[in-house]
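Residues are numbered in the working numbering as their position in the sequence shown, beginning at 1, plus a constant of 193.
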Amino acid sequence: MRILQIDKYFYDHGGSSRVFLDTIEGFRARGEEVAEFAMQDPRNKSSVFARYFTPAAPELESDLSKVDLFKAFKHRFFSGEVDRRLSALVADFRPDLAHIHNAYGQASASVFLTLNQLRVPIVLTLHDPFPLCPNPVEKLEEYYYGLRIWKHIRLFICPSEFMAKKMVEAGFPKEKMRVIRNPFPLPAHCPPPGTEVVYLEKSHDKKDLNKAKVVVVPANCHENCSFDILEAQSQGRIVVAPRGGGHLEFIIDGESGFLYRADEPESLAATVQKALSLTDEKASKIIERSRQLVLRDHNLDQYFRLLREVYEEALRH
194 MRILQIDKYF YDHGGSSRVF LDTIEGFRAR GEEVAEFAMQ DPRNKSSVFA
244 RYFTPAAPEL ESDLSKVDLF KAFKHRFFSG EVDRRLSALV ADFRPDLAHI
294 HNAYGQASAS VFLTLNQLRV PIVLTLHDPF PLCPNPVEKL EEYYYGLRIW
344 KHIRLFICPS EFMAKKMVEA GFPKEKMRVI RNPFPLPAHC PPPGTEVVYL
394 EKSHDKKDLN KAKVVVVPAN CHENCSFDIL EAQSQGRIVV APRGGGHLEF
444 IIDGESGFLY RADEPESLAA TVQKALSLTD EKASKIIERS RQLVLRDHNL
494 DQYFRLLREV YEEALRH
(Lines of atoms letter the chains of each structure in order from A and count residues from 1; the text may use other names and numbers.)
(Lines give C-alpha, C1' and ligand atoms only; values in the text may rest on other atoms or scores of the structure.)
Protein backbone atom coordinates (compact mmCIF):
# COMPACT_ATOMS: atom_id res chain seq x y z
CA MET A 1 0.00 0.00 0.00
CA ARG A 2 1.24 3.48 -0.87
CA ILE A 3 0.32 5.86 1.94
CA LEU A 4 0.57 9.65 2.03
CA GLN A 5 0.88 11.02 5.57
CA ILE A 6 0.10 14.71 6.16
CA ASP A 7 0.58 17.13 9.05
CA LYS A 8 1.58 20.77 9.49
CA TYR A 9 4.87 19.87 11.11
CA PHE A 10 7.64 17.46 10.16
CA TYR A 11 9.39 17.77 13.51
CA ASP A 12 8.30 16.82 17.01
CA HIS A 13 5.95 19.69 17.78
CA GLY A 14 4.11 17.52 20.28
CA GLY A 15 0.64 16.00 20.06
CA SER A 16 -0.41 15.23 16.49
CA SER A 17 3.05 15.69 15.00
CA ARG A 18 4.49 13.04 17.33
CA VAL A 19 1.87 10.53 16.19
CA PHE A 20 2.41 11.63 12.56
CA LEU A 21 6.16 10.95 12.75
CA ASP A 22 5.70 7.66 14.63
CA THR A 23 3.14 6.53 12.04
CA ILE A 24 5.52 7.21 9.16
CA GLU A 25 8.41 5.45 10.86
CA GLY A 26 6.28 2.50 11.95
CA PHE A 27 4.75 1.84 8.54
CA ARG A 28 8.13 2.06 6.81
CA ALA A 29 9.52 -0.41 9.34
CA ARG A 30 6.63 -2.72 8.41
CA GLY A 31 7.45 -2.57 4.70
CA GLU A 32 4.88 -0.03 3.51
CA GLU A 33 5.65 2.73 1.01
CA VAL A 34 5.09 6.08 2.71
CA ALA A 35 5.41 9.71 1.59
CA GLU A 36 4.99 12.76 3.79
CA PHE A 37 3.67 16.25 3.18
CA ALA A 38 4.11 19.14 5.62
CA MET A 39 5.19 22.76 5.88
CA GLN A 40 8.76 23.90 5.40
CA ASP A 41 10.64 24.61 8.63
CA PRO A 42 14.34 24.61 9.59
CA ARG A 43 13.49 22.22 12.44
CA ASN A 44 12.11 19.58 10.06
CA LYS A 45 13.53 16.08 9.97
CA SER A 46 15.27 15.03 6.78
CA SER A 47 12.89 13.89 4.02
CA VAL A 48 13.29 12.83 0.41
CA PHE A 49 9.93 14.52 -0.16
CA ALA A 50 11.00 17.88 1.30
CA ARG A 51 10.98 19.52 -2.15
CA TYR A 52 7.20 19.18 -2.16
CA PHE A 53 6.70 20.76 1.28
CA THR A 54 4.76 24.02 1.23
CA PRO A 55 6.15 27.29 2.60
CA ALA A 56 4.86 27.96 6.09
CA ALA A 57 2.09 30.54 6.44
CA PRO A 58 1.91 32.86 9.47
CA GLU A 59 -0.61 32.39 12.23
CA LEU A 60 -3.46 34.88 12.28
CA GLU A 61 -2.44 35.96 15.77
CA SER A 62 0.91 37.22 14.48
CA ASP A 63 1.66 40.92 14.34
CA LEU A 64 0.78 41.36 10.65
CA SER A 65 -0.14 44.30 8.47
CA LYS A 66 -3.74 44.41 7.26
CA VAL A 67 -2.65 43.19 3.82
CA ASP A 68 -0.63 40.28 5.22
CA LEU A 69 -3.41 39.46 7.67
CA PHE A 70 -5.88 39.20 4.80
CA LYS A 71 -3.48 36.98 2.83
CA ALA A 72 -2.97 34.72 5.84
CA PHE A 73 -6.73 34.44 6.40
CA LYS A 74 -7.37 33.69 2.71
CA HIS A 75 -4.64 31.04 2.78
CA ARG A 76 -6.59 29.09 5.40
CA PHE A 77 -9.29 28.41 2.78
CA PHE A 78 -7.29 28.14 -0.43
CA SER A 79 -3.64 28.15 -1.42
CA GLY A 80 -2.45 27.80 -4.99
CA GLU A 81 1.01 26.92 -3.68
CA VAL A 82 -0.34 24.08 -1.54
CA ASP A 83 -2.44 22.85 -4.46
CA ARG A 84 0.53 22.92 -6.84
CA ARG A 85 3.02 21.19 -4.55
CA LEU A 86 0.60 18.58 -3.23
CA SER A 87 -0.61 17.82 -6.77
CA ALA A 88 2.99 17.28 -7.86
CA LEU A 89 3.62 14.91 -4.94
CA VAL A 90 0.47 12.91 -5.72
CA ALA A 91 1.43 12.69 -9.41
CA ASP A 92 4.91 11.42 -8.56
CA PHE A 93 4.11 9.16 -5.61
CA ARG A 94 0.64 7.95 -6.69
CA PRO A 95 -0.71 7.20 -3.20
CA ASP A 96 -3.51 4.72 -2.65
CA LEU A 97 -4.73 6.77 0.31
CA ALA A 98 -3.96 9.91 2.32
CA HIS A 99 -3.96 9.97 6.12
CA ILE A 100 -4.28 13.53 7.44
CA HIS A 101 -3.34 14.27 11.03
CA ASN A 102 -3.47 18.05 11.46
CA ALA A 103 -3.77 20.27 8.39
CA TYR A 104 -6.10 22.98 9.60
CA GLY A 105 -5.31 26.67 9.76
CA GLN A 106 -2.06 27.77 8.16
CA ALA A 107 -1.65 24.43 6.34
CA SER A 108 -4.78 25.39 4.33
CA ALA A 109 -8.02 23.63 3.48
CA SER A 110 -6.48 23.17 0.03
CA VAL A 111 -4.90 19.99 1.39
CA PHE A 112 -8.36 18.43 1.59
CA LEU A 113 -9.70 20.03 -1.59
CA THR A 114 -6.73 18.98 -3.73
CA LEU A 115 -6.79 15.38 -2.54
CA ASN A 116 -10.51 15.16 -3.20
CA GLN A 117 -10.11 16.67 -6.67
CA LEU A 118 -7.38 14.14 -7.43
CA ARG A 119 -9.61 11.34 -6.09
CA VAL A 120 -7.25 10.28 -3.33
CA PRO A 121 -9.25 8.66 -0.49
CA ILE A 122 -8.85 10.52 2.82
CA VAL A 123 -8.90 9.37 6.43
CA LEU A 124 -8.50 11.94 9.21
CA THR A 125 -7.29 11.50 12.76
CA LEU A 126 -9.09 13.83 15.16
CA HIS A 127 -6.18 14.80 17.38
CA ASP A 128 -8.05 17.90 18.59
CA PRO A 129 -11.66 19.10 18.72
CA PHE A 130 -11.40 21.53 15.77
CA PRO A 131 -14.52 20.10 14.06
CA LEU A 132 -16.48 20.54 17.29
CA CYS A 133 -15.47 23.80 18.95
CA PRO A 134 -13.48 26.24 16.82
CA ASN A 135 -12.44 29.52 18.40
CA PRO A 136 -13.99 32.80 17.14
CA VAL A 137 -11.37 33.15 14.40
CA GLU A 138 -12.25 29.64 13.22
CA LYS A 139 -16.04 30.14 13.08
CA LEU A 140 -15.98 30.83 9.35
CA GLU A 141 -13.68 27.86 8.89
CA GLU A 142 -16.19 25.69 10.76
CA TYR A 143 -18.88 26.67 8.27
CA TYR A 144 -16.54 26.23 5.30
CA TYR A 145 -15.33 22.79 6.38
CA GLY A 146 -18.89 21.72 7.09
CA LEU A 147 -19.93 22.82 3.62
CA ARG A 148 -16.98 21.58 1.56
CA ILE A 149 -14.62 19.31 3.51
CA TRP A 150 -16.09 16.84 6.01
CA LYS A 151 -18.29 15.02 3.49
CA HIS A 152 -15.16 13.92 1.63
CA ILE A 153 -13.54 12.21 4.64
CA ARG A 154 -14.12 8.48 4.25
CA LEU A 155 -13.37 7.59 7.87
CA PHE A 156 -12.57 9.58 11.01
CA ILE A 157 -10.00 8.09 13.39
CA CYS A 158 -10.73 9.01 17.02
CA PRO A 159 -7.99 8.55 19.66
CA SER A 160 -10.67 8.13 22.33
CA GLU A 161 -14.25 6.97 22.74
CA PHE A 162 -14.91 10.44 24.12
CA MET A 163 -14.01 12.07 20.81
CA ALA A 164 -16.10 9.60 18.81
CA LYS A 165 -19.11 10.24 21.05
CA LYS A 166 -18.76 14.01 20.78
CA MET A 167 -18.49 13.84 16.98
CA VAL A 168 -21.71 11.82 16.76
CA GLU A 169 -23.46 14.22 19.16
CA ALA A 170 -22.41 17.07 16.86
CA GLY A 171 -24.13 15.40 13.91
CA PHE A 172 -21.28 13.54 12.24
CA PRO A 173 -22.20 10.04 10.99
CA LYS A 174 -21.54 7.34 13.57
CA GLU A 175 -20.69 4.84 10.84
CA LYS A 176 -17.65 6.92 9.91
CA MET A 177 -16.08 6.88 13.41
CA ARG A 178 -13.26 4.47 14.24
CA VAL A 179 -11.51 4.47 17.62
CA ILE A 180 -7.75 3.88 17.45
CA ARG A 181 -5.82 5.04 20.48
CA ASN A 182 -2.51 6.82 19.97
CA PRO A 183 0.55 4.57 20.23
CA PHE A 184 2.90 5.02 23.16
CA PRO A 185 5.89 2.71 23.68
CA LEU A 186 6.59 1.70 27.27
CA PRO A 187 10.17 1.92 28.57
CA ALA A 188 11.72 -1.38 29.55
CA HIS A 189 12.14 -0.32 33.18
CA CYS A 190 10.70 2.34 35.46
CA PRO A 191 12.78 4.31 37.96
CA PRO A 192 11.62 3.84 41.56
CA PRO A 193 9.01 6.39 42.64
CA GLY A 194 10.06 9.22 44.94
CA THR A 195 7.88 11.29 47.23
CA GLU A 196 7.46 14.58 45.36
CA VAL A 197 4.43 16.09 43.63
CA VAL A 198 4.77 17.66 40.19
CA TYR A 199 2.04 19.90 38.78
CA LEU A 200 2.46 19.19 35.11
CA GLU A 201 2.35 22.06 32.63
CA LYS A 202 2.49 21.72 28.84
CA SER A 203 6.17 22.66 28.86
CA HIS A 204 6.99 20.55 31.88
CA ASP A 205 10.55 19.67 32.82
CA LYS A 206 11.22 16.02 32.04
CA LYS A 207 13.79 15.90 34.86
CA ASP A 208 11.09 16.83 37.36
CA LEU A 209 8.81 14.18 35.92
CA ASN A 210 11.51 11.55 36.41
CA LYS A 211 11.71 12.39 40.12
CA ALA A 212 8.02 12.50 40.97
CA LYS A 213 5.78 9.91 42.56
CA VAL A 214 2.55 11.86 41.99
CA VAL A 215 1.95 13.86 38.80
CA VAL A 216 -0.97 16.30 38.63
CA VAL A 217 -2.13 17.26 35.13
CA PRO A 218 -3.76 20.65 34.39
CA ALA A 219 -7.51 21.06 34.67
CA ASN A 220 -8.66 20.29 31.14
CA CYS A 221 -11.64 17.95 31.38
CA HIS A 222 -12.20 17.76 27.64
CA GLU A 223 -8.77 16.57 26.59
CA ASN A 224 -8.87 13.89 23.92
CA CYS A 225 -5.78 11.69 24.38
CA SER A 226 -3.25 13.14 26.82
CA PHE A 227 0.39 12.31 26.10
CA ASP A 228 1.27 13.86 29.47
CA ILE A 229 -0.78 11.19 31.22
CA LEU A 230 0.60 8.40 29.06
CA GLU A 231 4.16 9.56 29.66
CA ALA A 232 3.69 9.78 33.40
CA GLN A 233 2.01 6.37 33.58
CA SER A 234 4.65 4.76 31.39
CA GLN A 235 7.37 6.05 33.73
CA GLY A 236 5.78 4.54 36.78
CA ARG A 237 4.10 7.65 38.17
CA ILE A 238 0.74 7.97 39.87
CA VAL A 239 -1.42 10.43 37.94
CA VAL A 240 -3.98 12.79 39.45
CA ALA A 241 -6.17 14.23 36.66
CA PRO A 242 -9.49 16.09 36.34
CA ARG A 243 -12.55 13.91 35.92
CA GLY A 244 -13.95 14.19 32.39
CA GLY A 245 -13.18 13.90 28.69
CA GLY A 246 -10.71 11.28 27.56
CA HIS A 247 -9.16 11.10 31.03
CA LEU A 248 -11.80 8.58 32.05
CA GLU A 249 -10.32 6.17 29.50
CA PHE A 250 -6.80 6.49 30.92
CA ILE A 251 -7.54 6.39 34.61
CA ILE A 252 -9.70 4.05 36.67
CA ASP A 253 -10.16 6.07 39.84
CA GLY A 254 -8.28 4.46 42.71
CA GLU A 255 -6.99 1.62 40.53
CA SER A 256 -4.72 3.19 37.90
CA GLY A 257 -4.59 6.76 39.22
CA PHE A 258 -6.92 9.31 40.77
CA LEU A 259 -9.55 11.71 39.44
CA TYR A 260 -10.64 15.02 40.92
CA ARG A 261 -13.36 17.56 40.11
CA ALA A 262 -11.77 20.41 38.16
CA ASP A 263 -14.26 22.95 39.51
CA GLU A 264 -13.51 22.12 43.15
CA PRO A 265 -10.05 23.12 44.46
CA GLU A 266 -10.68 21.19 47.68
CA SER A 267 -11.24 18.07 45.57
CA LEU A 268 -7.78 18.47 44.03
CA ALA A 269 -6.14 18.95 47.42
CA ALA A 270 -7.89 15.94 48.93
CA THR A 271 -7.10 13.74 45.93
CA VAL A 272 -3.40 14.64 45.97
CA GLN A 273 -3.26 13.92 49.69
CA LYS A 274 -4.92 10.55 49.08
CA ALA A 275 -2.31 9.69 46.46
CA LEU A 276 0.55 10.73 48.74
CA SER A 277 -0.84 8.68 51.63
CA LEU A 278 -0.71 5.37 49.78
CA THR A 279 1.29 2.53 51.22
CA ASP A 280 4.19 1.35 49.09
CA GLU A 281 2.27 -1.83 48.28
CA LYS A 282 -0.83 0.03 47.12
CA ALA A 283 1.23 2.56 45.14
CA SER A 284 3.03 -0.25 43.35
CA LYS A 285 -0.28 -1.90 42.43
CA ILE A 286 -1.62 1.36 40.96
CA ILE A 287 1.59 1.96 39.02
CA GLU A 288 1.53 -1.55 37.59
CA ARG A 289 -2.17 -1.32 36.74
CA SER A 290 -1.65 1.94 34.86
CA ARG A 291 1.31 0.52 32.93
CA GLN A 292 -0.75 -2.51 31.96
CA LEU A 293 -3.51 -0.26 30.61
CA VAL A 294 -1.00 1.69 28.52
CA LEU A 295 0.42 -1.58 27.25
CA ARG A 296 -3.04 -2.90 26.39
CA ASP A 297 -4.55 0.17 24.77
CA HIS A 298 -1.57 2.02 23.28
CA ASN A 299 0.87 -0.60 22.03
CA LEU A 300 2.47 -0.10 18.63
CA ASP A 301 1.52 -3.40 17.00
CA GLN A 302 -2.15 -2.92 17.82
CA TYR A 303 -2.06 0.67 16.51
CA PHE A 304 -0.64 -0.30 13.13
CA ARG A 305 -2.88 -3.34 12.78
CA LEU A 306 -6.01 -1.31 13.42
CA LEU A 307 -4.81 1.56 11.26
CA ARG A 308 -4.19 -0.72 8.31
CA GLU A 309 -7.69 -2.17 8.75
CA VAL A 310 -9.11 1.37 8.58
CA TYR A 311 -7.09 2.11 5.43
CA GLU A 312 -8.37 -1.04 3.76
CA GLU A 313 -11.93 -0.24 4.78
CA ALA A 314 -11.62 3.30 3.42
CA LEU A 315 -10.39 1.96 0.08
CA ARG A 316 -13.48 -0.22 -0.19
CA HIS A 317 -15.87 2.73 0.20
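Every residue gets a Cβ at the ideal spot worked out from N, C-alpha and C, and that includes glycine.
Note that this is a predicted model, so its numbers are computed, not measured.
{"Query": "Enumerate, from N- to C-terminal direction, the unbroken beta strand (DSSP E) stretches of 3 or more residues contained entirely within the region 412-448.", "Result": "431-435"}
{"Query": "Considering residue 379, what are the terminal residues of the alpha helix (DSSP H) in which it resides?", "Result": "It is not in any alpha helix (DSSP H) - residue 379 carries neither H nor E in the DSSP assignment."}
{"Query": "Less than 8 Å between C-beta atoms, sequence neighbours within five positions excluded: which residues of the same chain meet that for residue 444?", "Result": "422, 432, 434, 450, 451, 452 and 483"}
{"Query": "For residue 317, is the classification buried or exposed, using 16 other Cβ atoms within 10 angstroms of its Cβ as the cut-off for buried?", "Result": "buried"}
{"Query": "Counting C-beta neighbours from all protein chains within 10 Å, is the total for residue 263 16 or more, i.e. buried, or is it exposed?", "Result": "exposed"}
{"Query": "Which of helix, strand or coil does DSSP assign to residue 291?", "Result": "strand"}
{"Query": "Quick one: is residue 510 buried, meaning 16 or more other Cβ sit within 10 Å of its Cβ, or exposed?", "Result": "exposed"}
{"Query": "Kindly indicate which residue of 471, 376 and 485 has the alpha-carbon position closest to the one of residue 500.", "Result": "376"}
{"Query": "What residue does the alpha helix (DSSP H) around residue 461 start on, and which one ends it?", "Result": "458-469"}
{"Query": "Using only alpha-carbon positions, find the residue among 442, 209, 456 and 379 that is nearest to residue 323.", "Result": "209"}
{"Query": "With which residues is residue 228 paired in a DSSP beta bridge?", "Result": "197"}
{"Query": "With contact counted as at least three CB pairs below 8 Å, one residue from each stretch, are the region 365-373 and the region 337-354 in contact?", "Result": "yes"}
{"Query": "Are there 16 or more other CB atoms within 10 angstroms of the CB of residue 297, so buried, or fewer, so exposed?", "Result": "buried"}
{"Query": "Excluding the five sequence neighbours on either side, which residues of its own chain have a C-beta within less than 7 Å of the C-beta of residue 227, listed in chain order?", "Result": "196, 198, 217, 220 and 221"}
{"Query": "Using only the alpha-carbon positions, how far apart do residue 281 and residue 202 sit?", "Result": "19 Å"}
{"Query": "Have a look at residue 424 and residue 467 and give me their C-alpha separation to the nearest angstrom.", "Result": "21 Å"}
{"Query": "Considering only C-alpha positions, which residue in the set 491, 252, 287 and 320 is nearest to residue 207?", "Result": "320"}
{"Query": "Does the pairing of the region 332-347 with the region 228-237 give three or more beta-carbon distances under 8 Å?", "Result": "no"}
{"Query": "Near residue 304, which residues of its chain fall below 7 Å by C-beta distance, leaving aside the five closest residues on each side in sequence?", "Result": "199, 275, 279, 293 and 296"}
{"Query": "I'd like to know whether the C-beta atoms of residue 487 and residue 379 end up nearer to each other than 8 Å.", "Result": "yes"}
{"Query": "On the CB-based measure, 16 or more other CB atoms within 10 Å of its CB, does residue 340 come out buried or exposed?", "Result": "exposed"}
{"Query": "What is the rounded straight-line gap between the Cα of residue 508 and the Cα of residue 283?", "Result": "16 Å"}
{"Query": "So, with DSSP's three-state summary, where would you put residue 307?", "Result": "helix"}
{"Query": "Locate the beta strand (DSSP E) running through residue 489, then write down its first and last residues.", "Result": "Counting along the chain, residue 489 falls outside any beta strand (DSSP E), though it belongs to the alpha helix (DSSP H) covering 473-490."}
{"Query": "For residue 258, collect the residues of the same chain with a Cβ closer than 7 Å to its Cβ; drop the 5 residues on either side in sequence, then sort them by chain order.", "Result": "none"}
{"Query": "I'd like the list of long-range same chain contacts for residue 289, defined as Cβ closer than 6 Å, with 5 residues on each side in sequence excluded.", "Result": "194 and 195"}
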